[in-house]
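In UniProt numbering, the protein residues as written are 1 to 287.
We put the beta carbon where it would ideally sit given N, CA and C, even for glycine.
Source: prediction; values computed, not measured.
Take a look at the structure set out below.
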């Protein structure tokens, strides 16, 4: 019988079974595949019984296919229907959730984005998303931090050795790559659009992204032994002017006109060269 399952129920017989149906001693469900990939099989030889208690002392037994067929077996069919993705570590789950969150925030905006939609996009249960990120604000914060940590690690990796001009150039190049990256542009647009309605979102982004980045540049300038900042000059002001000279309207064009970093490479290179020369002329020690 192709494609059909034949079932057989055996019920205990005897006076007790006749007097009370609930006194059924055991039940057996037989599931067979008459033909699998054109091959016939003997159900009795391919079944294994699994029993468990049912109604007090009674037992319900289910035979389970345990034979492997050369073709597509019944068990393989069941497994294919109930196939689940491989087990993921917590870090892998977080990465997938953040990738989905970035897509959802970009598509719907912060206000209209939902945790349910994030769960749907990443293919996980809502409880899994909530396990790692209890609310939308924490999810957005994690998204900002995940990118910021990776990007700033590249800026921090600039070697303190060598010519100070080369160090400044490399730091500015890494900084421009961070600020003009597709994800950072997406997050910046999102925060600006939602800043009036969600001021805490804007404050958090400014603190965790803008201030942190500027703070790193400030520290790099202040701790560089080849640079000599005049007494009374705030290193943070110097860092701000340094960064603004490079990015300036370039950042605005990337945000408003959707210009990619590759389209701005020539101008960025000229700006970096000018800013580096300016800093070197004013602050690099000559002897």
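No Cβ-Cβ contact shorter than 8 angstroms links residue 263 with residue 250.
With contacts defined by Cβ atoms closer than 8 angstroms, residue 233 and residue 172 do not form a contacting pair. Residue 121 and residue 257 have their alpha carbons spaced roughly 28 angstroms apart.
In the DSSP annotation of this structure, residue 134 is not part of any alpha helix (DSSP H), being labelled neither H nor E. Remark: C-beta atoms of residue 110 and residue 201 approach each other more closely than 8 angstroms. Burial is judged here by how many other beta carbons sit within 10 angstroms of a residue's own beta carbon; residue 105 has at least 16 and is buried.
Counting of Cβ neighbours within 10 angstroms places residue 193 among the exposed residues, the total staying below 16.
With a beta-carbon spacing of about 35 angstroms, residue 168 and residue 101 fall beyond the 8 angstroms limit used to define contacts. In its chain, beyond the 5 residues on either side, no residue has a beta carbon closer than 7 angstroms to the beta carbon of residue 206. In the DSSP assignment, residue 263 falls outside any alpha helix (DSSP H) and carries neither an H nor an E. For residue 90, the enclosing alpha helix (DSSP H) starts and ends at 90–112. For residue 233, the three-state secondary structure derived from DSSP is coil.
Shown here for residue 235: same chain residues with a beta carbon closer than 7 angstroms to its own, the five before and five after excluded, namely 218, 221, 222, 229 in chain order.
For residue 212, the enclosing alpha helix (DSSP H) stretches over residues 212–223.
DSSP places residue 227 in the strand class (E or B) of the three-state scheme.
In this structure, the alpha-carbon of residue 140 lies about 11 angstroms from that of residue 115. Residue 254 is positioned such that its CB atom lies closer than 8 angstroms to that of residue 180.
Beta-bridge pairing by DSSP links residue 284 to 227.
Residue nearest to residue 175 within the set 283, 261, 195 is 261 (criterion: CA-CA distance).
Secondary structure of residue 127 (DSSP, three-state): helix. Nearest C-alpha to residue 108 among 93, 187, 209: 187.
The C-alpha of residue 279 lies about 46 angstroms from the C-alpha of residue 89.
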